[in-house]
Each structure stands twice: as structure tokens, then as C-alpha cells.
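All the letters of the sequence shown, read from the start, carry residue numbers 241 to 449 under this note's numbering. The beta-carbon is built from N, C-alpha and C at its ideal position, and this holds for glycine as well.
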Amino acid sequence: MAIHLFKDSGLTQQISEGTLTNPDSDTYNGTDGQAKDRELFLANEQTILAGNITSTQTSIPLASARFADGDTIIIDTEQMVVTAGGGTTSLTVQRGQNGTAKAAHTSGTPVYSALAYTTLKVKPVDSSGSDESSWCKVALTQVDLDAAAPGAELTLGDKAHDVTLSFWRRSTARLAVHRLTSCDSPATRPECSLPGRHTTRQDRADQEL
Ligand SMILES: [Ca+2]
241 MAIHLFKDSG LTQQISEGTL TNPDSDTYNG TDGQAKDREL FLANEQTILA GNITSTQTSI
301 PLASARFADG DTIIIDTEQM VVTAGGGTTS LTVQRGQNGT AKAAHTSGTP VYSALAYTTL
361 KVKPVDSSGS DESSWCKVAL TQVDLDAAAP GAELTLGDKA HDVTLSFWRR STARLAVHRL
421 TSCDSPATRP ECSLPGRHTT RQDRADQEL
């Protein structure tokens, strides 16, 4: 997955996608229709260089294992394709891909999935048990949550590879329901493309509330 959902702007608290292994969970008072708001953040898969690299070396040291073989990554403005070492902190790459120039890069420089997104959308989706997706609504700002339609899709817009987008989610427990345990939302439904390419793909990020 080239894009992820986080609970914090520092991108340290990633929410699991589809597997619910690290859900965004909470407990609600179901007797009075309690609602909780949270700002969520969407960012590309990323880490930083663990060492300086020259303009020609094909071994790329990373701080964290974040990419798979076949991924396109971008460091400064240079794109590279991972040919080996996916899933580890030592990638083997082809340099200067998609018309970008080979260049030296310094330790600590961000390394991103090179995908950029157009018309990025989020929507509450509940794929676990009964469908409680209408208990959630999403909006660009917390104030806008008041007027948002439950379960409705939200268009976030375009996202460059190095940009973090945020939005707000309100979860409301229905009356007489004592604990909300299985509302999974939202799913990201980006149409994305590599610079210079025309590709589309569909990603998904589920969470449990
Ligand atoms: Ca459910």
C-alpha cells in the first residue's frame, strides 16, 4: 500500500488497513448518543535515508523497511524503481527513472512512495459484522462535521507524494447500543498516478472504531 491513514500528524500512529490489527478503537456511552471527533491524516509510505548516497550507487540504505520490489520511490526529485531488497532497509534500485535526473542525496532525506493522487476521496466503510458505516461521517474541518451526511463520501482533492492531508471524522453511537466495536472506516479510494504516467489504482484503509 502506497498511502496510509494515521491518528497523528507526526505519522507515528498508523491505523491498520483491512486487517484491523491496529484499529482506531474507542468506547462509547450508548445511552445518550455520544459522539467523538478525531482528526485523521493521510500520507504516502515514507521513511528517510539512513546514509548519504552518490548519484550512481544502486544500494539505498533506509531508516525503516517501507517498500516492496517493484515500487517506485522518490528522493528529492529523483525517482527510482526497487528491483530487490523489498521489505528490508537495504534496497537495490534503478536510478533516474521516469525522466528524472540521477543525483546525490544526503542522509536523513525523506524517501517517499512516488505516487501522487488526484481526486483523493475517503468514505466510511464497515466490512466487519453488521454495517455501522452510517454511524460515521467525515468532513474537511471539525466545524463542517455538523453539516456532513452520515456515511457520505468526502473528496479531499489532489495530493502530491510529499504532502500529508487531513480530515475529520465524527463517530456517533446509536442510542441503546452500549459499545461500538466494529465500525470500520474510512476507506481511501484514491485515483493515483505516477508523474509522467497514466495509471490508476484503488487503495483501501479500514479501521475499527
Ligand atoms: Ca461492523
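Please state the DSSP three-state secondary structure of residue i.
i    : result
V403 : coil
D384 : helix
S256 : coil
S353 : strand
S411 : strand
H418 : Residue placement at H418 is poorly supported in this model, since its pLDDT is 43, which falls under 50; the coordinates still yield a value, given next. DSSP places H418 in coil when its eight states are reduced to three.
L251 : coil
What are the partner residues of residue i, as DSSP defines its beta bridges?
i    : result
S330 : P301
G339 : Beta-bridge pairing links G339 to no other residue.
S361 : Per the sequence shown, the amino acid found at residue 361 is Lys instead of Ser. K361 pairs with T395.
T287 : V351
E279 : W408
Could you check if residue i belongs to the surroundings of ligand 1, using beta carbon to heavy atom distance under 6 Å?
i    : result
D366 : yes
S370 : yes
Counting C-beta neighbours from all protein chains within 10 Å, is the total for residue i 16 or more, i.e. buried, or is it exposed?
i    : result
D366 : buried
A324 : exposed
R460 : With the chain covering only 241 through 449, there is no way to say anything about residue 460.
G327 : exposed
T267 : exposed
T296 : exposed
D272 : exposed
A341 : exposed
D277 : exposed
D309 : exposed
Query raised in the report: Contact between the region 390–399 and the region 246–253: three or more CB pairs below 8 Å?
Result: no
**Report entry** At least three beta-carbon pairs within less than 8 Å, the region 249–265 to the region 296–304
**Finding:** no
Query raised in the report: Would the region 378–390 and the region 342–353 be scored as touching if the rule is three or more Cβ pairs under 8 Å?
Result: no
Query raised in the report: Taking one C-beta from the region 373–384 and one from the region 329–348 each time, how about it: are there three or more such pairs within less than 8 Å?
Result: no
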